[in-house]
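Working notes, beginning with the structure itself.
Protein chains: 2
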Amino acid sequence: MQTLTVELEDRSYPINIGEGLLGQHSLLQAAVPARDILLVSNTTVAPLYAPAVKSALADRRVVEVILPDGEQYKSLATAARVFDVLVANRFGRDALVLALGGGVVGDLAGFVAACYQRGIDYVQVPTTLLSQVDSSVGGKTAVNHPGGKNLIGAFYQPREVLTDTDVLKSLPERELQAGLAEIIKYGMICDSAFFIWLEHNMAALRALDATALALAIHRSCQVKAQIVGRDEREQGERALLNLGHTFGHAIEAATGYVEWLHGEAVGVGLLIAARMSERVGGMPADDVARVEALLKLAGLRTAAPKIGAAKAAGYLSIDKKVKSGRVRLVLMKGLGQAYLSGDYPDAALQETLRESFGA
Amino acid sequence: MQTLTVELEDRSYPINIGEGLLGQHSLLQAAVPARDILLVSNTTVAPLYAPAVKSALADRRVVEVILPDGEQYKSLATAARVFDVLVANRFGRDALVLALGGGVVGDLAGFVAACYQRGIDYVQVPTTLLSQVDSSVGGKTAVNHPGGKNLIGAFYQPREVLTDTDVLKSLPERELQAGLAEIIKYGMICDSAFFIWLEHNMAALRALDATALALAIHRSCQVKAQIVGRDEREQGERALLNLGHTFGHAIEAATGYVEWLHGEAVGVGLLIAARMSERVGGMPADDVARVEALLKLAGLRTAAPKIGAAKAAGYLSIDKKVKSGRVRLVLMKGLGQAYLSGDYPDAALQETLRESFGA
Numbered sequence: 327m328q329t330l331t332v333e334l335e336d337r338s339y340p341i342n343i344g345e346g347l348l349g350q351h352s353l354l355q356a357a358v359p360a361r362d363i364l365l366v367s368n369t370t371v372a373p374l375y376a377p378a379v380k381s382a383l384a385d386r387r388v389v390e391v392i393l394p395d396g397e398q399y400k401s402l403a404t405a406a407r408v409f410d411v412l413v414a415n416r417f418g419r420d421a422l423v424l425a426l427g428g429g430v431v432g433d434l435a436g437f438v439a440a441c442y443q444r445g446i447d448y449v450q451v452p453t454t455l456l457s458q459v460d461s462s463v464g465g466k467t468a469v470n471h472p473g474g475k476n477l478i479g480a481f482y483q484p485r486e487v488l489t490d491t492d493v494l495k496s497l498p499e500r501e502l503q504a505g506l507a508e509i510i511k512y513g514m515i516c517d518s519a520f521f522i523w524l525e526h527n528m529a530a531l532r533a534l535d536a537t538a539l540a541l542a543i544h545r546s547c548q549v550k551a552q553i554v555g556r557d558e559r560e561q562g563e564r565a566l567l568n569l570g571h572t573f574g575h576a577i578e579a580a581t582g583y584v585e586w587l588h589g590e591a592v593g594v595g596l597l598i599a600a601r602m603s604e605r606v607g608g609m610p611a612d613d614v615a616r617v618e619a620l621l622k623l624a625g626l627r628t629a630a631p632k633i634g635a636a637k638a639a640g641y642l643s644i645d646k647k648v649k650s651g652r653v654r655l656v657l658m659k660g661l662g663q664a665y666l667s668g669d670y671p672d673a674a675l676q677e678t679l680r681e682s683f684g685a
Numbered sequence: 327m328q329t330l331t332v333e334l335e336d337r338s339y340p341i342n343i344g345e346g347l348l349g350q351h352s353l354l355q356a357a358v359p360a361r362d363i364l365l366v367s368n369t370t371v372a373p374l375y376a377p378a379v380k381s382a383l384a385d386r387r388v389v390e391v392i393l394p395d396g397e398q399y400k401s402l403a404t405a406a407r408v409f410d411v412l413v414a415n416r417f418g419r420d421a422l423v424l425a426l427g428g429g430v431v432g433d434l435a436g437f438v439a440a441c442y443q444r445g446i447d448y449v450q451v452p453t454t455l456l457s458q459v460d461s462s463v464g465g466k467t468a469v470n471h472p473g474g475k476n477l478i479g480a481f482y483q484p485r486e487v488l489t490d491t492d493v494l495k496s497l498p499e500r501e502l503q504a505g506l507a508e509i510i511k512y513g514m515i516c517d518s519a520f521f522i523w524l525e526h527n528m529a530a531l532r533a534l535d536a537t538a539l540a541l542a543i544h545r546s547c548q549v550k551a552q553i554v555g556r557d558e559r560e561q562g563e564r565a566l567l568n569l570g571h572t573f574g575h576a577i578e579a580a581t582g583y584v585e586w587l588h589g590e591a592v593g594v595g596l597l598i599a600a601r602m603s604e605r606v607g608g609m610p611a612d613d614v615a616r617v618e619a620l621l622k623l624a625g626l627r628t629a630a631p632k633i634g635a636a637k638a639a640g641y642l643s644i645d646k647k648v649k650s651g652r653v654r655l656v657l658m659k660g661l662g663q664a665y666l667s668g669d670y671p672d673a674a675l676q677e678t679l680r681e682s683f684g685a
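For the protein sequence lines, the chains are A and B, in the order given.
Last residue of the first sequence: 685 (our numbering), numbering continuous.
Last residue of the second sequence: 685 (our numbering), numbering continuous.
Rendered as structure tokens:
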């Protein structure tokens, strides 16, 4: 087991990464030091892993909320249902929310924990590659609004993250690929050596090679933890973690959050960001080609849905990174050199959108 | 105008208290440095004061949400409606929520500001005495759940509070009295000299004497700001501000949040806390009598509804101050000497509940 710490003063917490962690009762018991536990999971994950968790916590009062599986349930209405369960069971401020699932479960359960009684403890047990390398780290919790993703949420840190790489064996290939997109993102933001490593090890990752997976997850969490440690509430640098996301969100929103997985949309978003960066940030054409090639190696899509540039632009304008009416974009000077900018020619954005989304 | 600061490092903010502040355009303009402003008010307050606010902000984009008046609208459903307005108007992270109203408006608007896009700025313009001395200060935002008050919320500080004492002239007498209960509370917690001052100046306060009001509001905010500055997230000392509230919440909940004003319930709660303190905290009987006398001077009720001790105890157990299944109470050793305790004989609590709520 490897442990790394997200350094946030009194909100610091450990991320534990290793094989078979869910089978280690003492580890779970120590991570969850509460009497009353709300276990939030979904109909796909709960049958696989909830029994192990409950068995480890047999001496506690564990109440389960099993949500339907899917991004469309990451809503304020679902959060309200979870609040109802907490209240109905008279859970107090010393209760703990244990999120067992992917990003949807983690984001929603974290938001509920952030708001219930103005904040109770929560622990993340991410069960998808994407949530292991991204959403379980850094304390961004949220639910979606019909008008846009993650529009209602809170910055709220978990007290611990338990990442068991064994659970990836039951993950559908498409979900694995979606997680790889976020891993590729970290290389593109600030670690070109990691990007090169990924170019050489993508096949091993897709074959679930344990050593390769542990390294990729650890390095991804490390990059994210460092950035979050310097800028928890996204006043500046943390926005770099949204590389590819502004475009990706447009894809997800335009297709109703059901057709594309988040990571798949981010993958295409990374490529669109690279193309825009070639236009305005001086990113070499060769780097753009390497991004496209690595996405393909990961089995990811590289073509956006042809929703039209105008519709895509509409979704950009509700993005959370809008400042004074202007969309700030994460761009790159080259692989591993991301920066945030609201200062780019509109024409370049329009061209990029037309190229990617159609006229 | 007097200004005091709530000291919370990068979340510090000023509370401005004075006569006629809403008529000073430059003051409002400086307090609200955003282009996009969501003005949240209610059907009672908006006709009286929204025109002045909008006139001062004529160069901004001001969108109004006017809620029905009443505690029953401080709900997640109402918050959802306000989120809808923010999204429909494509308000970004740089938008600002301006709460113009009493505690219901301020708590709800603050909660929406805390959650929208994971937190946007908000400014409080409290228009009741109660919100001026209590809910507008300290960053406790929340909505109610049918199972209990303020069960869903966030600690989230405003960027400024503008307290215009002139607005109290239009406040119904019952609302004024409700605010006086919270003012009395501050004396009981930690300032016996202020309690004595109140014994001598209650008539002036009820007659809306401007000098007396300004002094009472300033001193109340000062006490609250000092405590909040030392314990923002209620890890310890801040819980003292809940003196009377655990019992008061039981009264409100048992009567459906409509029959009793919050401050009225807190007033009776203060007396019940004093009686419990006489039993277990060594509070002199004479101090208990002075509390009852001062509440009467303020025109407040002193008798709890006869809902029965068992029902009252049920409401206590869902209170946010429950720790490990035990209700922690704010008690007093005497006037101005409050302390927090989970360590008291259950029989004393039962006796106190029977005495106050009936068998």
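For every residue, glycine included, the Cβ atom is placed at its ideal position computed from N, Cα and C.
Values in this document were obtained by computation on a predicted structure and should not be read as measured data.
At a cut-off of 8 angstroms between beta-carbon atoms, A440(A) makes contact with chain B.
Each of C547(B), K495(B), A615(B) and P373(B) was checked against the Cα of V332(B), and the nearest Cα belongs to C547(B).
Going by DSSP, N342(B) is part of the beta strand (DSSP E) stretching over Y339 to G344. Between V413(B) and V366(B), the CB-CB gap reaches or exceeds 8 angstroms. For K659(B), the secondary structure class from DSSP, reduced to helix, strand or coil, is coil.
Considering only beta carbons, the part of the region 395-410 of chain B lying closer than 9 angstroms to chain A consists of L402, A403, A405, A406, F409 and D410, in chain order.
At a cut-off of 8 angstroms between beta-carbon atoms, S603(A) makes no contact with chain B. The DSSP-derived three-state label of R416(A) is coil. The beta strand (DSSP E) runs lying completely inside the region 376-432 of chain B and spanning 3 residues or more are 387-393 and 422-427, given in chain order. Excluding its 5 nearest sequence neighbours in each direction, A538(B) has C-beta neighbours in its own chain below 6 angstroms: N527, A530 and L531, listed in chain order.
Look at the region 522-572 of chain A and you find these whole runs of alpha helix (DSSP H), each 4 residues long or longer: 536-556.
Beta-bridge annotation (DSSP): Y641(B) is not paired with any residue. Note on geometry: alpha-carbon atoms of A635(B) and S682(B) lie some 8 angstroms from one another. Nearest to D517(B) by alpha-carbon distance, out of K495(B), G344(B), K550(B) and E499(B), is K550(B). When Cβ pairs closer than 8 angstroms are counted between the two stretches, the region 389-397 of chain B is seen not to touch the region 551-569 of chain B, the count staying below three. Beta-carbon to beta-carbon, V389(B) and V411(B) are separated by about 6 angstroms, close enough to satisfy the 8 angstroms threshold. Annotation: I522(A) to A542(A) spans about 12 angstroms, alpha carbon to alpha carbon. Remark: C-beta atoms of K400(B) and V358(B) do not approach each other more closely than 8 angstroms. Within chain A, the C-beta atoms nearer than 9 angstroms to that of G445(B) come from G479, A480, F481 and R559, in chain order. DSSP places I633(A) outside both helix and strand once states are collapsed to three, so it counts as coil. In the same chain as V656(B), and ignoring 5 residues on each side of it, the C-beta atoms closer than 6 angstroms to its own belong to L566, N568, L569, A664 and L666, in chain order.
Look at G474(A): its C-beta is under 8 angstroms from a C-beta on chain B. The closest CA to that of L642(A), considering only G608(A), G574(A) and P631(A), is found on G574(A).
In this structure, I510(B) and L620(B) form a Cβ contact; the two beta carbons are roughly 6 angstroms apart against a cut-off of 8 angstroms. If the five residues before and after D460(A) are omitted, its C-beta is found closer than 6 angstroms to the C-beta atoms of E508, all from its own chain and listed in chain order. Looking at the backbone, the Cα of D385(A) and that of S352(A) are separated by about 12 angstroms.
By the neighbour-count criterion, in which a residue is buried when 16 or more other Cβ atoms sit within 10 angstroms of its Cβ, G595(B) is buried.
Not a single CB atom of chain A sits nearer than 8 angstroms to the CB of H575(B). Residue pairing for V459(B): DSSP places it in no beta bridge. DSSP places V449(A) in the uninterrupted beta strand (DSSP E) bounded by D447 to P452. For V594(A), none of the residues of chain B pass the 9 angstroms Cβ criterion, the least Cβ distance being about 24 angstroms.
In the assembly as shown, V584(A) is an exposed residue. Its beta-carbon has fewer than 16 other beta-carbons within 10 Å. Only buried fits E560(B), as 16 or more other CB atoms lie within 10 angstroms of its CB.
Contact annotation: A480(A) and A421(A) have beta-carbon atoms that are not nearer than 8 angstroms.
Non-local C-beta neighbours of E578(A) in its own chain, meaning closer than 6 angstroms and more than five positions away in sequence, comprise W586 and A591, ordered along the chain. Setting aside the 5 residues that flank it on each side, T453(B) is surrounded in the same chain by V371, Y375, L426, G427, G428 and V493, each with a C-beta closer than 7 angstroms to its C-beta; the list follows chain order.
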